[in-house]
Structures are given as structure tokens and as C-alpha cells.
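Undergrad: Numbering (full-length UniProt numbering), first residue to last: 1 to 321.
#1: Since residue 207 is in the alpha helix (DSSP H), which residue starts that stretch and which ends it?
#2: Per DSSP, what kind of secondary structure is residue 141 in: helix, strand or coil?
#3: Under 8 Å, do residue 247 and residue 211 count as touching if we go by C-beta distance?
#4: If we ignore side chains and look at the alpha-carbon of each, how far apart do residue 58 and residue 17 end up?
#5: Is the stretch 259-267 touching the stretch 304-311, taking contact as three or more C-beta pairs under 8 Å?
#6: Measuring alpha carbon to alpha carbon, tell me which of 304, 317 and 274 ends up nearest residue 292.
#7: Is the stretch 199-211 close to the stretch 167-175, with three or more CB pairs under 8 Å?
#8: Going by DSSP in three states, residue 68 sits in which element: helix, strand or coil?
#9: Are the stretch 117-137 and the stretch 182-198 touching, with three or more C-beta to C-beta distances below 8 Å?
#10: When the distance is taken between beta carbons, is residue 62 closer than 8 Å to residue 13?
#11: Under three-state DSSP, which class holds residue 99?
#12: Thinking C-beta only, is residue 162 closer than 8 Å to residue 197?
#13: Quick one: grab the DSSP three-state call for residue 79.
#14: Is the CB-CB distance between residue 224 and residue 259 below 8 Å?
#15: What would DSSP say about residue 258, mapped onto helix, strand or coil?
#16: Here's the rule: buried if 16 or more other CB atoms are within 10 angstroms of the residue's CB, otherwise exposed. What is residue 270?
#17: Hey, how far is the Cα of residue 19 from the Cα of residue 116?
#18: Assuming contact is defined by CB atoms lying nearer than 8 Å, are residue 119 and residue 294 in contact in what I supplied?
#19: With C-beta atoms as the reference, is residue 216 less than 8 Å away from residue 203?
#20: So for residue 158, helix, strand or coil by DSSP?
#21: Quick check on this structure: which residue in 199, 213 and 229 has the alpha carbon closest to the alpha carbon of residue 222?
#22: Going by DSSP, what residue range makes up the beta strand (DSSP E) through residue 362?
#23: Compute the Euclidean distance between the alpha carbons of residue 195 and residue 201, then round it to the nearest angstrom.
#24: So is residue 274 buried or exposed if we call it buried at 16+ other beta carbons inside 10 Å?
Below is the structure:
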């Protein structure tokens, strides 16, 4: 039997058909049934029953061989690398076990390669963010600062009418400088490296409240375990993206931001009482999921009880700090 199961599928089908036809031939040879020169009705009935038995037996045997392939086709049609983990559970005795096992192994390799590629892309993205933030701070920021100093000096020597115009220009320049600094801060979270994750999350919440007027409730559990820089960056970026989606799409009046520990999981929760998740947030949510996967975490977007949306990030950190 093991030798038969190791044959290619074509030869397995041929072997099954040959075995069925052989059994039918032996049944005709060994049984007392005969066929007259002019076939009788009773003999036609016997032949018809024998044919039905052969066809049914052949179909049952072929179904046992080919059913796993149909199931595998259904799994292949439903596989989405953005939602990893789906596999075809094949029994060890099925003839198509080797094919199913090969397909599952291929999915394992694809998911591992995709995870590694995503991690490299995100690392390159963070490096590019830092480079752009540095250039904004060093080049654009310094240039705008020099313009402010020049305008201040020019206002001292200008007439009152010209000074009023220069004051308007100076205020516009100062606003632009502050916006450049905010953009640089969002691109490179210096507060994360300088003050830690909890202070960085508090800064994000305060910035959202200042920009939008939304009430932000913070709940951070003390005594969190020591986290690696990669995990801290993932938590920070997920919270940043979630709060950005709230500001852009949710039209919420209250947002809750919490960071706690549940067993061996670090749990970040961002919930709002707005309109709920929409299509506009799809790309951002997928980016958050990909970030979570790079540190072995999971991200779930679900409706919040009472209305709104809840983003839940869970990252394994071990049961001891």
C-alpha cells in the first residue's frame, strides 16, 4: 500500500481502475452467471447490476484519491498572505497527503519571506523618516529661523506701516517653523528615545487633544516589562496611526488610549466613540497589522460597544519582566 501511495497521481488512478476491472472480470469468471447468444432479460439485469457496482466502486475509490485535491483548491482560492495561518489539514493516510504537505510548506516559506521583507521595508521606511526629519530640522528649520531673525531686524529699521506688514510675514514664518518641527517630530519620535514609551504615548494623546479638541482618556498600567526598541517602536507607530485615523475619519468626541499587560501579552487599546471604521482607514490598518507581525503580535480592528471603533494590539512579551 505504501508503494502504491508513493506513485504519481496518474498511475494511482490507473491502478484503481485496473483493480476494479480485474475484480469485475474475476467475478464474471468465477461466478456461475452466463450470457446466452440471445441475451435474456434476467441476464441484462445481472449485467446492469454488475456495471453499476463497478462504476460505484470505481467512483468511491477515485473520490478518496481526488477529494483532498478539491479541498486543497478551495484553500488555495481562499489563501491571503495578509492574513497568514490558513492551512489544509490533511490526514496522513490520504493519497494526496504529500501534495497537501508540500502546499502547506510552501505557504510557510512564503509567509516567512513576506514577514522578513515587511520587516526590511519598515526598517528602511524608519531610516528614511529619520533622514527626512533630520533634513527638515537642519535645513528648512534653520533657514526659517534665519528668516525670522532677519525679519525681526528689518522691523526695527522699518517705518510703522512697513513694520506691520513685516509682523504679518513674521507670524506666518513662525507658524511654518512650528509646523516643520511638528512634522519632524512625527517622522522621528525623539520623545520615544528620550523619555520612554509611556511619555511618548502621552505626547501623542496630548497632541491629538490640542489639534482637534477631542477628549483623550489615558490609562497606562504601571510596572510594564522592559521592552525592546523594536516593540516600543511598533507600539508607538500603531498608536500614532490609530490616533491619526481618529482625527481624520472618526469625528469622535472621546478617545481612550490604554497600555496594559495581560498574562504574557502587552496590550495597546485605542477606542473612540466616532462613526466607526471605514474604507478610508483600510491602508493604514493593513500597515498596522504588518508592523504587529514583525514583532510576533496581532492587531484587531472591531466595533466598539456603544458605537465607534476599537483598535487592539497584542504583542507577546513573556510572563516575566
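Ideal Cβ placement from N, Cα and C applies to all residues, glycine included.
In this text the structure is predicted, and so the values were computed from the model without any measurement.
TA: The structure says:
#1: That run of the alpha helix (DSSP H) goes 197-212.
#2: The answer is helix: DSSP assigns residue 141 an H, G or I state.
#3: Between residue 247 and residue 211, the gap from beta carbon to beta carbon is short of 8 Å.
#4: Distance between the alpha carbons of residue 58 and residue 17: 6 Å.
#5: Contact annotation: the stretch 259-267 does not touch the stretch 304-311, with fewer than three C-beta pairs closer than 8 Å.
#6: For residue 292, the nearest C-alpha among the options comes from 317.
#7: They do not touch, by the three-pair rule.
#8: DSSP places residue 68 in helix when its eight states are reduced to three.
#9: Cβ pair count under 8 Å is three or more, so yes.
#10: Yes.
#11: The answer is helix: DSSP assigns residue 99 an H, G or I state.
#12: Their beta carbons are not under 8 Å apart, which means residue 197 does not touch residue 162 by this criterion.
#13: In the structure shown, residue 79 sits in coil (DSSP, three-state: anything other than H, G, I, E or B).
#14: Result yes, Cβ atoms of residue 224 and residue 259 sit closer than 8 Å.
#15: The DSSP-derived three-state label of residue 258 is strand.
#16: Buried, by the Cβ-count rule.
#17: For residue 19 and residue 116, the distance between alpha carbons rounds to 49 Å.
#18: Against a cut-off of 8 Å, the Cβ pair of residue 294 and residue 119 comes out as a contact.
#19: No.
#20: DSSP, reduced to helix, strand and coil, places residue 158 outside both helices and strands of the structure shown, so it counts as coil.
#21: Ranking the options by Cα distance to residue 222, first place goes to 199.
#22: With the chain represented from 1 up to 321, any question about residue 362 goes unanswered, as that position is not in the structure.
#23: Spanning the two alpha carbons is a distance of roughly 10 Å.
#24: Sixteen is the threshold: when 16 or more other Cβ atoms of the shown chains lie within 10 Å of the Cβ of residue 274, as they do, the residue is buried.
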